[in-house]
Amino acid sequence: MLLTAQNISVARGGIAVLEGVTLALATGQAVVLRGPNGAGKTTLLRTLAGLQPPLKGTVEADEAALVYAGHADGIKGALSVHENLGFWASIFGGGDVDAALAAYSLAPLADRPAAALSAGQKRRLGLARLIVARRAVWLLDEPTVSLDTAATAMFVAALRAHLAGGGGAIIATHIELGLNEAGTLDVGPYKARAAAFDDFDEAFL
Amino acid sequence: MASLWEYANPRKFITTSNRVLPWVGALALTSLSIGLVWGFFFTPEDYRQGASVKIIYLHVPAALMAINAWLMMLVGSLIWLVRRHHVSALAARAAAPVGAVMTVIALVTGALWGQPIWGTWWVWDPRLTSFLILFLFYLGYMALWSAVEDGDTAADLTSVLCLVGSVFALLSRYAVLFWNQGLHQGASLSLDKEENVADVFYLPLLVCIAGFVLLFVALVLLRTQTEIRARRMRALLARERMG
Amino acid sequence: MIALLIRDLRLAVRAGGGLGLGLAFFLIVVVLVPFAVGPRADLHRVIAPGVLWLGALLACLLSLDRIFALDHEDGSLDLLATAPLPLEALTAIKALAHWLTTGLPLVLAASVLAILMNLPAQGYVPLFASLVLGTPALSVIGTFGAALTVGVRRGGLLMSLLVLPLYVPTLIFGAEAARRGAEGLPYATPLMMLAGITFAVIALLPFASAAVVRVNLR
């Protein structure tokens with residue numbers, strides 16, 4: 040198992056949004072998170088990534104095996120595309136920058152300052168970071184925003200390659216990725232309900 | 010015998026403090042009145058400083074409480090960081106304005122005390138200067154509480170600030186001593202330790218100190234209750250939003 | 021770790037990086053002081069060490085909010101928090117980058133601006149020494165303040181309120197060392213106290229800064 044979550048509750052701003060979530064990610068497996076906006080998909084992903092502790096329950100995963108990609112791409116406009124990826128490659132311990140650029144057709148843009156990229160190109164650069172990170176578990180929050188069909192196909196191809204290589208992925212997305220092997224987790228049923236008044240800390244926050 | 014940690018329960022804290030408050034408040038008022046009246050009107054004048062020395066009945070207790078309030082905040086912050094008791098963090102928050110006002114009282118009374126002796130309304134005497142710096146630390150602490158929206162995050166940040174600030178406040182005390190008097194010269198101005206304060210001055214001073222301590226306790230209990238109620242209101246509002 | 025340092029240095033040096041802003045502010049402050057206190061050169065000579073220290077300190081202060089704010093805005097901070105780099109190392113490197121791009125230039129500029137303030141010749145070495153030893157502390161303490169206010173919108177003024185009292189010991193010993201040196205007196209004691217504060221702060225404060233960053237990312 041690459042990652043397991045046992046009966047976890049996650050909170051946003053101190054208020055519980057999801058409770059009782061249990062999931063297990065095996066090698067080569069992808070899980071797609073579904074649910075309306077505001078349901079708690081982002082909060083769940085951030086908790087799994089270790090950015091915030093779960094309110095209850097535990098997440099078991101090797102910290103060194105996770106890589107997270109959120110809404111913001113973490114791209115520095117003043118650096119070139121190649122410099123941005125080179126930075127992340129060094130941080131994560133030496134991935135292949137050129138291969139990542141090739142996977143997202145960014146090679147012709149390699150020396151362009153990242154500020155001059157379109158939204159779609161920036162997102163492709165952000166996704167290329169996942170390849171240089173060379174980590175087993177991808178935790179992705181709406182990765183296909185700003186991507187056209189061609190770019191989305193690049194992403195799905197990269198994802199398939201990652202899964203085939205023994206990686207895993209948990210992806211929150213509204214679109215159909217066309218991955219037959221992906222499981223789905225609808226977060227709707229896990230919506231946290233207001234607990235009874237009994238526990239003093241619950242009524243306290 | 011119930012453990013002290015029971016009072017970490019907000020509800021129990023409020024019920025207990027409600028019972029205790031009237032007594033503490035009454036005692037505070039009594040000791041303050043007795044101490045101040047005794048000190049100001051029924052003690053002889055100092056042969057050197059005249060009547061202005063009587064201001065020590067306000068200055069010394071206020072200065073002591075200014076420091077003790079910060080220490081209490083430090084303890085509260087540590088308890089929050091280690092045991093996550095909300096009451097502890099809120100008590101620290103509640104104590105800060107009280108401590109800040111005590112610091113201002115100490116500064117103003119210190120200036121009033123010194124004016125006849127120095128001829129000016131302010132000198133950068135090491136002790137007064139240290140209290141001025143302490144006042145700045147109080148302001149920063151209170152400002153940070155107000156600036157952060159999430160209660161737990163605010164408690165965490167202000168607790169760390171209080172810890173780090175305590176170290177720097179202590180460091181500043183010695184730096185200021187060095188700055189105004191060099192490290193190893195003795196204190197030249199008698200705004201520092203009261204030299205051999207005679208009994209006739211000392212007893213009303215003790216009563217005043219007791220009064221200030223009780224006043225501090227009463228105010229902090231009251232303010233902590235308010236903080237608890239405010240947090241509870243926010244929790245209830247948040248609960249409503251959850252549906 | 022080096023990668024982060026190089027990245028931050030690159031960003032500071034490129035357009036919009038704010039490299040010269042601290043220096044320009046330092047210059048402006050030093051130029052304004054004679055307008056504020058009058059043109060007498062003997063007065064300037066007396067207050068020169070203090071004014072230069074204060075100017076350097078304020079210039080440092082102004083560039084502190086860049087330390088974390090930019091990374092927080094574009095999501096890099098989240099990504100760095102999930103990277104193999106420990107947060108303690110992150111805050112230490114951020115402080116180092118700040119010192120290299122702000123503190124160190126200020127130290128070099130101070131020796132030049134001292135001419136404007138009519139600093140006695142014997143004061144140059146003490147001034148330089150005190151600034152070299154003191155500005156790293158300003159960067160590390162400032163990083164702590166920046167970490168505290170990362171989540172606060174327009175938290176610049178709040179950060180100044182938090183950081184300035186923490187700067188007092190460094191300012192006292194640093195300016196005292198510069199002042200004694202300018203008067204020809206021995207200044208080893210305040211210089212050593214200054215160095216002590218700087219080293220202690222470098223060794224210990226990154227842990228507090230990291231804890232605070234962690235809290236703010238939750």
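Going line by line, the protein sequences match chains A, B and C.
So my numbering is basically just the index in the first sequence, starting at one, shifted up by 39.
So my numbering is basically just the index in the second sequence, starting at one, shifted up by 9.
So my numbering is basically just the index in the third sequence, starting at one, shifted up by 20.
Beta carbons: idealized from backbone N, C-alpha and C, even for Gly.
These figures come from a predicted structure and were not determined experimentally.
Against chain B, does residue i count as a neighbour if the rule is that its beta carbon must be under 7 Å from one of theirs?
{"i": "C:Thr218", "result": "no"}
{"i": "A:Ile54", "result": "yes"}
{"i": "C:Val132", "result": "no"}
{"i": "C:Pro146", "result": "no"}
{"i": "C:Ile22", "result": "no"}
On a Cα-Cα basis, can you pick out the residue from the options that is closest to residue i?
{"i": "C:Thr155", "options": "C:Val53, C:Asn138, C:Leu126 and C:Leu97", "result": "C:Leu126"}
{"i": "C:Ile135", "options": "C:Ala202, C:Leu178 and C:Leu184", "result": "C:Ala202"}
{"i": "A:Lys95", "options": "A:Ser129, A:Glu58 and A:Gly113", "result": "A:Glu58"}
{"i": "C:Asp85", "options": "C:Ala231, C:Gly38 and C:Asp62", "result": "C:Gly38"}
{"i": "B:Leu83", "options": "B:Val69, B:Leu99 and B:Arg248", "result": "B:Leu99"}
{"i": "B:Thr112", "options": "B:Ala35, B:Ala72 and B:Phe187", "result": "B:Ala72"}
{"i": "C:His118", "options": "C:Val160, C:Ala89, C:Asp98 and C:Tyr144", "result": "C:Val160"}
{"i": "B:Leu80", "options": "B:His94, B:Val91 and B:Val176", "result": "B:Val176"}
{"i": "C:Ala141", "options": "C:Val50, C:Leu25, C:Arg65 and C:Ala44", "result": "C:Arg65"}
{"i": "C:Leu139", "options": "C:Val71, C:Asp28, C:Leu41 and C:Arg173", "result": "C:Val71"}
{"i": "A:Ala153", "options": "A:Leu124, A:Val136 and A:Ala128", "result": "A:Leu124"}
Please tell me whether residue i has its Cβ less than 7 Å away from any Cβ of chain C.
{"i": "A:Ile170", "result": "no"}
{"i": "B:Trp188", "result": "yes"}
{"i": "A:Gly91", "result": "Sequence check: residue 91 of chain A is Gln here, not Gly. Chain C contact via Cβ: present."}
{"i": "B:Ala247", "result": "no"}
{"i": "A:Ile47", "result": "no"}
{"i": "A:Phe126", "result": "yes"}
{"i": "B:Ser197", "result": "With a pLDDT of 39 at B:Ser197, under the threshold of 50, the modelled position of that residue is not reliable, and the figure given next carries that caveat. Answer no: the Cβ-Cβ gap between B:Ser197 and chain C never drops below 7 Å."}
{"i": "B:Asp165", "result": "yes"}
Is it buried or exposed, residue i, if we count other Cβ atoms within 10 angstroms and call 16 or more buried?
{"i": "C:Met212", "result": "exposed"}
{"i": "A:Ala192", "result": "exposed"}
{"i": "B:Gly44", "result": "buried"}
{"i": "B:Arg238", "result": "exposed"}
{"i": "B:Trp154", "result": "buried"}
{"i": "C:Asn236", "result": "buried"}
{"i": "B:Phe225", "result": "buried"}
{"i": "B:His193", "result": "Summary for B:His193: the model assigns pLDDT 44, below 50, so the residue's position carries little reliability; its value from the coordinates is reported in the next sentence. Answer is exposed; the Cβ neighbour count stays below 16."}
{"i": "B:Glu204", "result": "Confidence in B:Glu204 is poor, its pLDDT being 49 and thus under 50, which makes the residue's placement unreliable; the coordinate value appears in the next sentence. Exposed: under 16 other Cβ atoms inside 10 Å."}
{"i": "B:Met242", "result": "exposed"}
{"i": "B:Gln31", "result": "Reading the sequence as shown, one finds Pro at residue 31 of chain B and not Gln. Exposed: under 16 other Cβ atoms inside 10 Å."}
{"i": "A:Trp177", "result": "buried"}
{"i": "B:Arg250", "result": "exposed"}
{"i": "C:Leu147", "result": "buried"}
{"i": "A:Asn76", "result": "exposed"}
{"i": "B:Tyr211", "result": "exposed"}
{"i": "C:Val33", "result": "exposed"}
Consider the Cβ of residue i: report whether some Cβ of chain A lies at a distance smaller than 7 Å.
{"i": "C:Thr102", "result": "yes"}
{"i": "B:Asp161", "result": "yes"}
{"i": "C:Gly38", "result": "no"}
Quick one, are the C-beta atoms of residue i and residue j less than 7 Å apart?
{"i": "C:Ala157", "j": "C:Ile87", "result": "no"}
{"i": "A:Thr223", "j": "A:Glu181", "result": "no"}
{"i": "B:Phe146", "j": "B:Ala178", "result": "yes"}
{"i": "B:Val33", "j": "B:Leu231", "result": "no"}
{"i": "A:Gly227", "j": "A:Gly89", "result": "no"}
{"i": "A:Ala158", "j": "A:Ser185", "result": "yes"}
{"i": "B:Val185", "j": "B:Pro135", "result": "yes"}
{"i": "B:Thr129", "j": "B:His68", "result": "no"}
{"i": "C:Thr163", "j": "C:Lys114", "result": "yes"}
{"i": "C:Phe46", "j": "C:Ala129", "result": "yes"}
{"i": "B:Gly123", "j": "B:Ala75", "result": "no"}
{"i": "C:Thr122", "j": "C:Ser83", "result": "yes"}
{"i": "B:Ala17", "j": "B:His94", "result": "yes"}
{"i": "A:Tyr229", "j": "A:Val71", "result": "no"}
Could you please give me the residues that DSSP links to residue i through a beta bridge?
{"i": "A:Glu99", "result": "A:Thr43"}
{"i": "A:Trp177", "result": "A:Val106 and A:Ala208"}
{"i": "A:Asp135", "result": "Looking at the DSSP assignment, A:Asp135 forms no beta bridge with any residue, so it has no partner."}
{"i": "A:Gly222", "result": "A:Val70"}
{"i": "A:Lys230", "result": "A:Leu57"}
{"i": "A:Leu62", "result": "A:Ala44"}
{"i": "A:Arg51", "result": "A:Ile54"}
{"i": "A:Ser119", "result": "A:Pro152"}
Any heavy atom of the ligand COA closer than 6 Å to the Cβ of residue i?
{"i": "B:Tyr66", "result": "Among the ligands in the structure shown, none appear at all, so the ligand COA cannot be discussed."}
So which residues on chain D does residue i lean against when the C-beta distance must stay under 8 Å?
{"i": "A:Val120", "result": "Here chain D cannot be found, since the structure's protein chains are A, B and C."}
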